[in-house]
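Position one of the sequence shown corresponds to residue 1 (UniProt numbering), numbered consecutively onward.
One structure is given below, encoded as structure tokens.
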Amino acid sequence: MCRAGFSARQWAVVMAVVRKTYGYGKKSDEIGLTQLEQMTGIAKTHVGKTVRELCAAGVLRRDTGVHGYRLGVNKRYGQWQLAALSGVTKMVTGVTESVTPNTVTKTVTPVTESVTTSGVTKSVTGGDQNSHGGDQIGHSDQIGFLGVTDLVTTKGYKTKERKHSRTILSDGTCDQAVPARQSGGADEPSPEFMTAWSAYPKREGGNPRKAAWTAWKARVRAGDATAQELVEATRGYAKFCDTGNKTGTQFVLMASTFYGPGEHWREWLPSTSDTAANAPGGVKPWYAVVGFSNQWEAENAGCTEGNRWMWENRQRVRTEQDWPAWKASQAAARGASE
């Protein structure tokens, strides 16, 4: 398996499947994309694509289960079609210099300046051929109507282009070159987002702020939540992670997932996070029946709505072989209550 040439995403998904199967002494298990997303930190869309790639290559086996698809590792390694997972072609263009072991030869484009003052026209044309040592840096200016373009060849033999605003004066000289202003980031995060970002629990692995800000904007723009509600939900989630010693671990949700369309943030609003599982006169959610305080906590432990019958008091106490007996006991209990 170590020599299979998996990509980073493929390797993470395979290891997650191994953890959910052989980690519990099983050959396969019903594993949802949400669980794989939370275990690997990879977006659900990429997780689904990676699972399809691995199944097509014969690395993973996907069968129909009771509540969904079952995933497992194909132990017949001879059936793995690794050629479908490898093969990346890179094209490199833009070679502007010929390099020999001792010298670098560079051709400087001739420069023409045309200056008109009081009916007097001055035209200067020049050009040269220079040879420099291997550690020298070449430089040329091309002056035109729209400013000056500097072609700068760096020590690594890559050509970069710099644009300047440069004015040709009447005496044939030019003023100081000013680099052209780069377009700034007009989409700056809001103060409310920065408040929430500073309170968001740290996690092991990546947690890009830009993706989190994009998800945040989408929730506010769609009217799903106000900025203040997201701030309060972030504080509630941070308190939960601190209390459960999850801060700084891989079990902390990526911020883009927390603020994403899955609405994990809603579980941590002050008005719902403490009372959802104990609503008077209401039906308990499936995760509250087995002892969890919210859906994310249950799924993080491996409990889903489909396999909740295996769980009691936040512990997995049954296996798939216990399904017939458990179903019969539930039917008997319902008959006795009637």
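Backbone N, C-alpha and C fix where the C-beta goes; we use that ideal spot for every residue, glycine too.
Bear in mind the structure is a predicted one, so any value in this text is a computation, not a measurement.
* **Buried versus exposed call for residue 275 [16 or more other C-beta atoms within 10 Å across all chains shown]** => In this predicted model, residue 275 has a pLDDT of only 44, less than 50, meaning its place in the structure is not dependable; the value taken from the coordinates is given anyway. Residue 275 is exposed by the Cβ-count criterion.
* To do: Pull up the CB-CB distance for residue 9 and residue 50, whole angstroms please, since I reckon it's below 8 Å.
  => 5 Å
* Alpha-carbon to alpha-carbon, residue 12 and residue 191 -> 35 Å
* To do: With a 10 Å radius around its C-beta and 16 neighbouring C-beta atoms as the bar for buried, classify residue 207 as buried or exposed.
  => buried
* Do residue 267 and residue 295 have their CB atoms nearer than 8 Å? -> yes
* Touching or not, the segment 197–211 and the segment 235–255, by the rule of three or more beta carbon pairs under 8 Å? -> yes
* If residue 41 sits next to residue 236, beta carbons under 8 Å apart, how far is it from one beta carbon to the other, in whole angstroms? -> Actually they are not in contact, since the Cβ atoms of residue 41 and residue 236 sit about 21 Å apart, beyond 8 Å.
* To do: Compute the Euclidean distance between the alpha carbons of residue 68 and residue 20, then round it to the nearest angstrom.
  => 15 Å
* Asked: Who pairs with residue 64 in a beta bridge, going by DSSP?
  -> 69
* Residue span of the alpha helix (DSSP H) that contains residue 46, given as start and end -> Here the alpha helix (DSSP H) through residue 46 covers 44–56.
* Does the Cβ of residue 213 lie closer than 7 Å to at least one heavy atom of the ligand ADP? -> Absent from the structure shown: the ligand ADP. Ligands present: none.
* **Whole-angstrom C-beta distance between residue 54 and residue 14, which should lie under 8 Å** => 7 Å
* Look up residue 312 in the DSSP assignment and give the residues it is bridged to. => 315
* To do: Please determine, among 22, 81, 28, the residue with the shortest C-alpha to C-alpha distance to residue 5.
  => 81
* Spatial neighbours of residue 300 in its chain, beta-carbon cut-off 7 Å, leaving aside the 5 residues before and after -> Excluding sequence neighbours, residue 300 sits near 38, 251.
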